[in-house]
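Undergrad: Dumping the structure here so I can ask a few things about it.
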Amino acid sequence: MKLLHRLDQSLSLTAEEHLLVDSLKRLARGSIAARAARFDSTGEFPWDNVAELNALGMNAMFVPEAYGGAALSYAAYLRCVMELSGACAATGIVWATNFHATRPLMEFGTDAQKQRLLPRIAAGGLAALCITEPTAGSDATGMRTRFSPAGGEVVVNGGKTFISNGDVADLYLLFGKWEPLGDGKDAITAMIVEKGAPGLRFGRREDKMGHRASSTTALIFEDCRVPRANLLGEPGGGLDILLRSLNKSRPSVAAHALGISRAAFEDAVAYINERRQSGKRIVEFQGIQFLLADLAGEQALCESWLWHVARLVDSGVQDVGLEASLLKLRATDLAMRMTTEAVQLHGGYGYCKDYRVERLMRDAKITQIWEGTNQIHRQLIGRSFMQKPG
Ligand SMILES: Cc1cc2nc3c(=O)[nH]c(=O)nc-3n(C[C@H](O)[C@H](O)[C@H](O)COP(=O)(O)OP(=O)(O)OC[C@H]3O[C@@H](n4cnc5c(N)ncnc54)[C@H](O)[C@@H]3O)c2cc1C
Numbered sequence: 007m008k009l010l011h012r013l014d015q016s017l018s019l020t021a022e023e024h025l026l027v028d029s030l031k032r033l034a035r036g037s038i039a040a041r042a043a044r045f046d047s048t049g050e051f052p053w054d055n056v057a058e059l060n061a062l063g064m065n066a067m068f069v070p071e072a073y074g075g076a077a078l079s080y081a082a083y084l085r086c087v088m089e090l091s092g093a094c095a096a097t098g099i100v101w102a103t104n105f106h107a108t109r110p111l112m113e114f115g116t117d118a119q120k121q122r123l124l125p126r127i128a129a130g131g132l133a134a135l136c137i138t139e140p141t142a143g144s145d146a147t148g149m150r151t152r153f154s155p156a157g158g159e160v161v162v163n164g165g166k167t168f169i170s171n172g173d174v175a176d177l178y179l180l181f182g183k184w185e186p187l188g189d190g191k192d193a194i195t196a197m198i199v200e201k202g203a204p205g206l207r208f209g210r211r212e213d214k215m216g217h218r219a220s221s222t223t224a225l226i227f228e229d230c231r232v233p234r235a236n237l238l239g240e241p242g243g244g245l246d247i248l249l250r251s252l253n254k255s256r257p258s259v260a261a262h263a264l265g266i267s268r269a270a271f272e273d274a275v276a277y278i279n280e281r282r283q284s285g286k287r288i289v290e291f292q293g294i295q296f297l298l299a300d301l302a303g304e305q306a307l308c309e310s311w312l313w314h315v316a317r318l319v320d321s322g323v324q325d326v327g328l329e330a331s332l333l334k335l336r337a338t339d340l341a342m343r344m345t346t347e348a349v350q351l352h353g354g355y356g357y358c359k360d361y362r363v364e365r366l367m368r369d370a371k372i373t374q375i376w377e378g379t380n381q382i383h384r385q386l387i388g389r390s391f392m393q394k395p396g
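Residue numbers (the working numbering): 7 to 396.
Written out as structure tokens, the structure is:
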């Protein structure tokens, strides 16, 4: 494991960031990891974990000081996502979703909106990012949720599906179309909806293969009235907000996948150093060593690319869409491969719930699907090489 630990140590964080990462690591590998199997089996929302994360002030790390937080670097945030997700992937996505849904408010919100809404998140509130609809998944621009201006209010009608933190959030970042602008991409608009908004109700909570403790819920908006002051940016300016937000959330879901992947690798290495067959430890077979070399190499290269993207974002580069796509694609494909190989290396025991790799393999699958499926990322990356015909 020396190789990956040396990579961890090469990450350039401040002393304050190291302290927080170390505290989070202790919490994640202690009580959060210990509760993960129970939450996976009951599907109960991990409130205990949320309370412990809030006791450490984890949301504050991505909210600026002026709005009640104590913002640290994006690299430090990604390191925490990785660590938490290896211990309990469901809790990892619950926490990371707070970031995904509030980052656009930090980037595009007015000072008044930030003063009013961000302290709630800094103090431990939950947030949800609402893009997907039953008929608009990979092509989010096909969304049908309508925003109709009505004096000082906006009336929302429509529905969202598969929303992480959907029924537990304090704030919702909601995308829909501004009715007077029609049905095209240039009608897409972003707005913050607050918990308890009249006309917002919850649909079904999904019963999932993995991430069973995270809540994934449908939202129904029926003449839901939201103050016009909650609009983020201008009507029709939502697509730009959406795309720029994804540039920050995709590296985050990649860090989440790499946390799952690293946990599976560590478990597999520990197991094959103990387990013996034909008079040898499994790790002594050369075929297994070749596999370890391939897996460790992929993990190290994906993590290196993660820190490359983090450095770009921390230095203020905005146009990181392709780098983020490449990272999301490779990190999540690796998580699926790594967890599958980890189950394989545990033999029959890996297929049983006594070993964590069984859960990690189920948790890994969704990472190839959400935040743009990997087919969509392949298309985005491949398309970038198309030259105009001469
Ligand atoms: C557990 C979970 C949590 C989620 N959390 C959130 C959330 O918090 N907020 C949110 O807004 N959404 C969320 N989602 C939704 C998720 O982002 C979508 O499921 C995803 O974008 C895919 O959309 P879809 O399910 O409609 O699949 P579809 O778009 O119907 O795709 C079906 C298949 O067709 C393929 N396909 C589609 N278009 C193309 C193309 N052009 N070229 C090649 N292949 C294509 C896809 O890759 C996929 O394999 C979540 C989903 C799940 C399951």
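Ideal Cβ placement from N, Cα and C applies to all residues, glycine included.
Could you tell me which residues DSSP puts in a beta bridge with THR97?
TA: DSSP, once it has assigned bridges, lists no residue as partnering THR97.
Undergrad: Taking 8 Å as the cut-off, is the beta-carbon of LEU297 closer than that to any non-hydrogen atom of ligand 1?
TA: No, the beta carbon of LEU297 sits no closer than 8 Å to any heavy atom of ligand 1.
Undergrad: Taking 8 Å as the cut-off, is the C-beta of HIS11 nearer than that to any heavy atom in ligand 1?
TA: It does not: the Cβ of HIS11 is nowhere closer than 8 Å to a heavy atom of ligand 1.
Undergrad: Which value, in whole angstroms, describes the spacing of the CA atoms of ALA3 and ALA81?
TA: Because residue 3 is not part of the residues shown, which for the chain are 7 to 396, the question remains open.
Undergrad: Within this structure, are the beta carbons of LEU17 and ARG85 separated by less than 9 Å?
TA: Result yes, Cβ atoms of LEU17 and ARG85 sit closer than 9 Å.
Undergrad: Check whether the segment 47-59 and the segment 215-228 touch, using three or more Cβ-Cβ pairs below 8 Å as the test.
TA: Taking 8 Å as the limit for Cβ pairs, the verdict is that the segment 215-228 does touch the segment 47-59.
Undergrad: Give a yes or no on whether the C-beta atoms belonging to MET197 and LEU237 are separated by under 9 Å.
TA: Yes, the Cβ-Cβ distance between MET197 and LEU237 is below 9 Å.
Undergrad: If you run the structure through DSSP and keep just helix, strand and coil, what is LEU225?
TA: Residue state, collapsed to three classes: strand.
Undergrad: Pull up the CB-CB distance for ASP229 and VAL161, whole angstroms please, since I reckon it's below 8 Å.
TA: Right, their Cβ atoms sit about 6 Å apart.
Undergrad: CB of LYS214 to nearest heavy atom of ligand 2: below 8 Å?
TA: Annotation note on ligand 2: not contained in the displayed structure, which lists ligand 1 as its ligands.
Undergrad: Please report the residue range of the alpha helix (DSSP H) in which PHE296 lies.
TA: Note, PHE296: alpha helix (DSSP H), 292-320.
Undergrad: Which residue's Cα is closest to the Cα of LEU386: GLN121, GLU23, LEU332 and LEU90?
TA: Of the candidates GLN121, GLU23, LEU332 and LEU90, the one whose C-alpha sits nearest the C-alpha of LEU386 is LEU332.
Undergrad: Under three-state DSSP, which class holds LYS334?
TA: LYS334: helix per DSSP, three-state reduction.
Undergrad: What do you reckon, is the C-beta of PHE168 under 8 Å from a heavy atom of ligand 1?
TA: Checking every heavy atom of ligand 1 against the Cβ of PHE168, one is found closer than 8 Å.
Undergrad: Please look up how many angstroms separate the CB atoms of THR108 and ILE127, rounded, as I've assumed it's under 8 Å.
TA: With a Cβ gap of about 5 Å, THR108 and ILE127 count as contacting.
Undergrad: Helix, strand or coil, according to DSSP, for ARG150 in the structure here?
TA: It is coil, neither helix nor strand.
Undergrad: List the residues that DSSP assigns as beta-bridge partners of TRP184.
TA: PHE153, per the DSSP bridge assignment.
Undergrad: Please determine if the segment 318-328 and the segment 351-363 are in contact, where contact requires at least 3 C-beta pairs separated by less than 8 Å.
TA: Because the criterion of three Cβ pairs below 8 Å is not met, the segment 318-328 and the segment 351-363 do not touch.
Undergrad: Nearer than 8 Å: is that true of the beta carbon of ASP339 relative to any heavy atom of ligand 1?
TA: No.
Undergrad: For the pair the segment 164-173 and the segment 137-145, tell me if three or more CB-CB distances fall below 8 Å.
TA: Yes: at least three Cβ pairs fall under 8 Å.
Undergrad: Taking 8 Å as the cut-off, does the CB of LEU135 come closer than this to any heavy atom belonging to ligand 1?
TA: Answer for LEU135: yes, Cβ within range of ligand 1.
Undergrad: Any idea what DSSP makes of GLU50, helix, strand or coil?
TA: Residue state, collapsed to three classes: coil.
Undergrad: Please report the distance separating the alpha-carbon of LYS31 from that of ALA235.
TA: In a straight line, the C-alpha of LYS31 is about 39 Å away from that of ALA235.
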